[in-house]
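Peer 1:
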Amino acid sequence: MNGVDRAAPLVLGIETSCDETGIGIVRGRSLLSNTIASSMDEHARYGGVVPEVAARAHLEALVPALTAAVAEAGITLDELDAIAVTSGPGLSGALMVGVGAAKALSVALDKPIYAVNHLVGHVGADILDESGTPFEYPTIALLVSGGHTSLLLVRDLVSDVELLGETIDDAAGEAFDKVARLLGLPYPGGPEIDRLAAVGNQTAIRFPRGLTHPKDMAKHRYDFSFSGLKTSVARWVEKQQDLGNEVPVADVAASFREAVADVLLTKAIAACADHGVPRLLLGGGVVANARVRELAAERAAAAGVALRIPPLSLCTDNGAMIAELGAQLIMAGHAPSTLDFPADSTLPVTEIQVH
């Protein structure tokens, strides 16, 4: 708690866009609590996130998570200066739970409410990094999760975020889950493929790198596509099985992981070069992937780009990043949202705050 600015706004953030119920509390740039209740185990039996199951899990987890966060932060709800909540993008039903809870708290406590963008929140998570290195603008941000793969140019966190490119089909995390299922691995697929890939040969199979050919780069320079890669893995595995060969699962996992990481970092470093921005921020749950982090460090160093990766606890969906984005909006003098804002499953990343 040393170094906490007592004059800075005390903000509670609520994040329920997918399968994590996140409650975070910050004071200015200082993290006081980051409480996360995940319903991942409930989705594992289905092999992926089921929206209705996620929404019900949020309903059950929200009050206990809120109670735990307040206790960890050592504050009372009355002390809060504001409530921040993810308005979108995400799963509609899941978002509604968080939005409803935030509005109820705002009314009950008579505190202002800030409805914010989930993806921009991932960028804001880096401000809570306690390494002491200040967050600088502009920065290129690569956000990679189960539902999103986005490349952003962030000129100012609270007022100027430009979408450079995004996935046109499967998100990277989604591709990991589908390939894991194909290889007979349990959900969630990312950690399972990462574990196997560690003992595999990443150069064993040359899987395609989507949207990296010259004809694609003209139109989709910063966009991503992992559907073709997933299909290519399926066809390769099927061919081996048809030939009666044993499928080298570790090599497939490593080669697939390498293809994903290669595409992500090729496009991210290109964006840094094209826009003259020597800074790259990674965010989202897929950043937990060891090869993505390793290759990011290699490519960034070679290109003279400063790489920033928030602590892994702040890379996955969490309430702390939402609270921090709310705090930044307050400190920049932005007015609160009204109580009329919706849960918007397709909220564009350029809409940082919903009024």
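Read in the UniProt record's numbering, the sequence shown has 243 at position 243, and its numbers run on one by one without any break. Each residue gets a CB set at the ideal place from its N, CA and C atoms; glycine is no exception.
(1) Classify Q241 as buried or exposed, calling it buried when 16 or more other Cβ atoms lie within 10 Å of its own Cβ.
(2) With DSSP collapsed to three states, give me the class of F176.
(3) How many angstroms separate the CA atom of A104 from the CA atom of N34?
(4) Give the DSSP-derived three-state secondary structure of A335 in the structure shown.
(5) Within its chain, find whatever has a CB closer than 7 Å to the CB of A44; leave out the 5 residues flanking it on each side and keep chain order.
(6) Measuring CA to CA, which of L157, A253, M331, A303 is closest to L265?
(7) Quick one: Cα of V161 to Cα of P248, how far?
(8) If I follow the unbroken alpha helix (DSSP H) through E72, where does it start and stop?
(9) Name the DSSP bridge partner or partners of F224?
(10) Using the rule of at least 16 other Cβ atoms within 10 Å of the residue's Cβ for burial, across every protein chain shown, is E258 buried or exposed?
(11) Indicate the three-state DSSP secondary structure (helix, strand or coil) for V154 in the structure shown.
(12) Quick one: give me the first and last residue of the alpha helix (DSSP H) that E298 is part of.
(13) Is DSSP giving G47 helix, strand or coil here?
(14) Using only CA atoms, which one of A323, A141, M40, T67 lies nearest to C272?
(15) Taking the DSSP output, what are the residues bridged to R279?
Peer 2: With the given structure in hand:
(1) The count along the sequence shown starts at 1 and reaches residue 241 at position 241. Its Cβ having fewer than 16 others within 10 Å, Q241 is exposed.
(2) What you label residue 176 is simply residue 176 of the sequence shown in a count that begins at 1. Assigned with DSSP and collapsed to three states, F176 falls in helix.
(3) In the sequence shown, the residue the question calls residue 104 occupies position 104. In the sequence shown, the residue the question calls residue 34 occupies position 34. Whole-angstrom Cα-Cα distance: 21 Å.
(4) In the sequence shown, the residue the question calls residue 335 occupies position 335. Residue state, collapsed to three classes: coil.
(5) The residue labelled residue 44 in the question sits at position 44 within the sequence shown. These residues qualify, in order along the chain: P186, Y187.
(6) Within the sequence shown, residue 265 is the residue found at index 265, counting from 1. Ranking the options by Cα distance to L265, first place goes to A303.
(7) As a position in the sequence shown, residue 161 is number 161, starting the count at 1. As a position in the sequence shown, residue 248 is number 248, starting the count at 1. Looking at the two C-alpha atoms, the distance is approximately 43 Å.
(8) Reading the sequence shown from its first residue, position 72 is the one you call residue 72. 51-73 is the span of the alpha helix (DSSP H), which, as asked, contains E72.
(9) Counting from one through the sequence shown, the residue named residue 224 turns up at place 224. Its beta-bridge partners are T167.
(10) Here residue 258 refers to the residue found at position 258 when the sequence shown is read from its first residue. E258 is buried by the Cβ-count criterion.
(11) Position 154 of the sequence shown, counted from the start, is the residue given in the question as residue 154. V154: strand per DSSP, three-state reduction.
(12) Taking the sequence shown and counting its residues from 1, the one referred to as residue 298 is at position 298. Run containing E298: 290-303, per the alpha helix (DSSP H) assignment.
(13) Position 47 of the sequence shown, counting from 1, holds the residue named residue 47. Residue state, collapsed to three classes: coil.
(14) The residue given as residue 272 occupies position 272 in the sequence shown. Closest option to C272, Cα to Cα, is A141.
(15) Counted from its first residue, the sequence shown places residue 279 at position 279. A306, per the DSSP bridge assignment.
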